[in-house]
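**Student:**
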Ligand SMILES: *Cc1c(COP(=O)(O)O)cnc(C)c1O
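Residue numbers (this note's numbering): 1230 to 1628.
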């Protein structure tokens, strides 16, 4: 078979409900083509209700939300900020926008997120002046990530953060709809970040949000995101502002998307279940899954680990390339920040977990708009490549 005969199956593509256009039409009808308007207010309110957070500010991207979040926590030049290494670069880049020093921490096996033990080791190293070229200092913030929708180990992370008095900014960009002990990701820390980029579980084409218990922090975020303009007739500025507010047009897309968020979460979880049942039967392949019932992942992306020592030599790249030939998009998991050329000179605390997840990890097509046929197609093809199971048995696991 050549690739042209099979339509492309994407890793994760936008999935509209149909109602988005009504909110966008409203924005046009009333000429709210601006970074303010009723869609923004409605989107913020719905996000607040959905996540049970006190206050939400809609912004132009998750990256902008991380930048403003760190700024509002007081992160300055040469401050240490602890974040997990196994993540997308946008978790770390805003630390550098502010001149801060990212301190990268390894993952734990159970969640693939920030390892609490290594995190505390990093904090102690900062306090004791063991970061080369820097004076002893308490880290200014901790940025845990809920990778692929999997909640981080928040009990331990929050306990350690409180013990040292360090504020937490959660990167929940991938985890809208995920909960830990029934509480939404992004609502544990002093602030939390969401993303509505095109590949995320819901999208505004591009967008983000900052969440907090503190009305003042979110008010400050809104102010800074609209050029820090004072409330007077002329243009008066007491501080440096940013152009980071969400557009009212795009917030309209968000309003339509939020109406179906629960369905999107259920659909992604169903995709995950199909993979989980399928891979149960394969030696050497394990799936990224909740380690106990306190974790509830939106399973934004389903990811597997392939151990070539136990699959008869089949490794991550072999499988990825075979899938690519068949026009099925699969991607290696995020490359850890401590392995990135741009971050090679920053400290890392760890023991090889993130490295191993990167070398063995593959993200599989996980979109909420994947048809049952497409999922069957993927499993059937995986079955051919891995070559161990019967088609009849496969059908049973796919449904
Ligand atoms: C997508 C993402 C971001 C950035 O969000 P944007 O809206 O694309 O700026 C940050 N962190 C993680 C973990 C992400 O996946």
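No residue lacks a Cβ here, since even glycine has one placed at the ideal position from N, Cα and C.
Leaving out the 5 sequence neighbours to the left and right, which residues in its chain are closer than 8 Å to residue 1464 when beta-carbon positions are compared?
**Tutor:** Excluding residues within five positions, the ones whose Cβ falls inside 8 Å are 1458.
**Student:** Could you tell me if the beta carbon of residue 1320 falls within a distance shorter than 8 Å of some heavy atom in ligand 1?
**Tutor:** Yes, the beta carbon of residue 1320 sits closer than 8 Å to at least one heavy atom of ligand 1.
**Student:** Could you pull out every residue in the same chain whose Cβ sits closer than 6 Å to the Cβ of residue 1598, ignoring the five residues on either side in sequence?
**Tutor:** Same-chain partners within the cutoff: 1244.
**Student:** My output table needs one value for residue 1450: the three-state DSSP class, helix, strand or coil.
**Tutor:** Residue 1450: helix per DSSP, three-state reduction.
**Student:** With the cut-off set at 9 Å, would you say residue 1290 and residue 1436 are in Cβ contact?
**Tutor:** A contact, by the Cβ cut-off of 9 Å.
**Student:** If distances are taken between C-alpha atoms only, which option among 1587, 1594, 1510 comes closest to residue 1616?
**Tutor:** Of 1587, 1594, 1510, the residue nearest in Cα terms is 1510.
**Student:** Just mark residue 1448 as buried or exposed, buried being the case when its beta carbon has 16 or more other beta carbons within 10 Å.
**Tutor:** With fewer than 16 Cβ atoms within 10 Å of its Cβ, residue 1448 is classed as exposed.
**Student:** Are the beta-carbon atoms of residue 1514 and residue 1590 separated by less than 9 Å?
**Tutor:** No, the pair does not count as a contact, with Cβ atoms beyond the cut-off.
**Student:** Which whole runs of the alpha helix (DSSP H) in the stretch 1323-1405 are 4 residues long or more, in chain order?
**Tutor:** Complete alpha helix (DSSP H) runs here, min 4: 1345-1356, 1383-1393.
**Student:** Quickly, what does DSSP pair residue 1441 with across the bridge? List them, please.
**Tutor:** Residue 1441 pairs with 1284, 1420.
**Student:** Measure the alpha-carbon distance for residue 1438 versus residue 1288 and round it to whole angstroms.
**Tutor:** Their backbone Cα atoms lie some 5 Å apart in a straight line.
**Student:** Cβ of residue 1532 versus every heavy atom of ligand 1: is any distance shorter than 8 Å?
**Tutor:** Flag unset: Cβ of residue 1532 not near ligand 1.
**Student:** Can you tell which of 1522, 1503, 1282 has the C-alpha that lies nearest to the C-alpha of residue 1420?
**Tutor:** Checked all of 1522, 1503, 1282; the closest Cα to residue 1420 is 1282.
**Student:** Please check the pair residue 1268 and residue 1581, which I expect to be a contact at CB under 8 Å, by giving their CB distance rounded to whole angstroms.
**Tutor:** Going by Cβ atoms, the distance from residue 1268 to residue 1581 rounds to 47 Å, so no, they are not a contact pair.
**Student:** Express the C-alpha separation of residue 1263 and residue 1347 in angstroms, rounding to a whole number.
**Tutor:** Approximately 45 Å, taken between the alpha carbons.
**Student:** If you follow the alpha helix (DSSP H) that residue 1485 is in, where does it begin and where does it stop?
**Tutor:** Element bounds for residue 1485: 1477-1487.
**Student:** Which first and last residues belong to the alpha helix (DSSP H) in which residue 1614 is found?
**Tutor:** Residue 1614 -> alpha helix (DSSP H) spans 1601-1615.
**Student:** Just verifying my parser: in three-state terms, what is the DSSP assignment at residue 1317?
**Tutor:** If DSSP states are grouped into helix, strand and coil, residue 1317 belongs with coil.
**Student:** For residue 1424, verify whether its CB is less than 8 Å away from any heavy atom of ligand 1.
**Tutor:** Residue 1424: yes, Cβ under 8 Å from ligand 1.
**Student:** Would you call residue 1620 buried or exposed, if buried means 16 or more other Cβ atoms sit within 10 Å of its Cβ?
**Tutor:** Reliability of the predicted coordinates at residue 1620 is poor, the pLDDT of 45 falling under 50, and no value is obtained from them.
**Student:** Alpha carbon to alpha carbon, how far is residue 1367 from residue 1321? Give it in angstroms, no decimals.
**Tutor:** Residue 1321 and residue 1367: Cα-Cα distance of roughly 18 Å.
**Student:** Taking residue 1559 as the reference, give the member of 1260, 1543, 1531 with the closest Cα.
**Tutor:** Taking only the C-alpha atoms, the option nearest residue 1559 is 1531.
**Student:** Does the beta-carbon distance from residue 1429 to residue 1529 come in below 9 Å?
**Tutor:** Yes, the pair counts as a contact, with Cβ atoms nearer than the cut-off.
**Student:** Specify the secondary structure class of residue 1271 as computed by DSSP and reduced to three states.
**Tutor:** Residue state, collapsed to three classes: helix.
**Student:** Any chance the CB of residue 1299 is under 8 Å from a heavy atom of ligand 1?
**Tutor:** Flag unset: Cβ of residue 1299 not near ligand 1.
**Student:** Which of the three DSSP states is assigned to residue 1250 in this structure?
**Tutor:** Residue 1250 falls in the helix class under three-state DSSP.
**Student:** Is it right to say residue 1501 is buried, meaning 16 or more other beta carbons lie within 10 angstroms of its own, or is it exposed?
**Tutor:** Residue 1501 comes out buried.
**Student:** In three-state DSSP terms, what is residue 1532?
**Tutor:** Of the three classes helix, strand and coil, the one that applies to residue 1532 here is strand, per DSSP.
**Student:** Hey, would you say the C-beta of residue 1590 is under 8 Å away from at least one heavy atom of ligand 1?
**Tutor:** Incorrect: residue 1590 has no Cβ contact closer than 8 Å to ligand 1.
**Student:** Need the endpoints of the beta strand (DSSP E) that residue 1591 sits in, please.
**Tutor:** First-last of the beta strand (DSSP E) with residue 1591: 1590-1593.
**Student:** Whose CA, out of 1270, 1234, 1238, lies closest to the CA of residue 1477?
**Tutor:** The option with the nearest alpha carbon to residue 1477 is 1270.
**Student:** Please determine whether the Cβ atom of residue 1293 lies at a distance below 8 Å from any heavy atom of ligand 1.
**Tutor:** Within the cutoff, so yes.
**Student:** So does the stretch 1296-1308 actually touch the stretch 1323-1330, counting three or more Cβ pairs closer than 8 Å?
**Tutor:** Yes: the two stretches touch, three or more of their Cβ pairs being nearer than 8 Å.
**Student:** Taking Cβ positions, are residue 1561 and residue 1587 nearer each other than 9 Å?
**Tutor:** Taking 9 Å as the Cβ cut-off, residue 1561 and residue 1587 qualify as a contacting pair.
**Student:** Measuring only the C-alpha atoms, how far is residue 1378 from residue 1505?
**Tutor:** Approximately 16 Å, taken between the alpha carbons.
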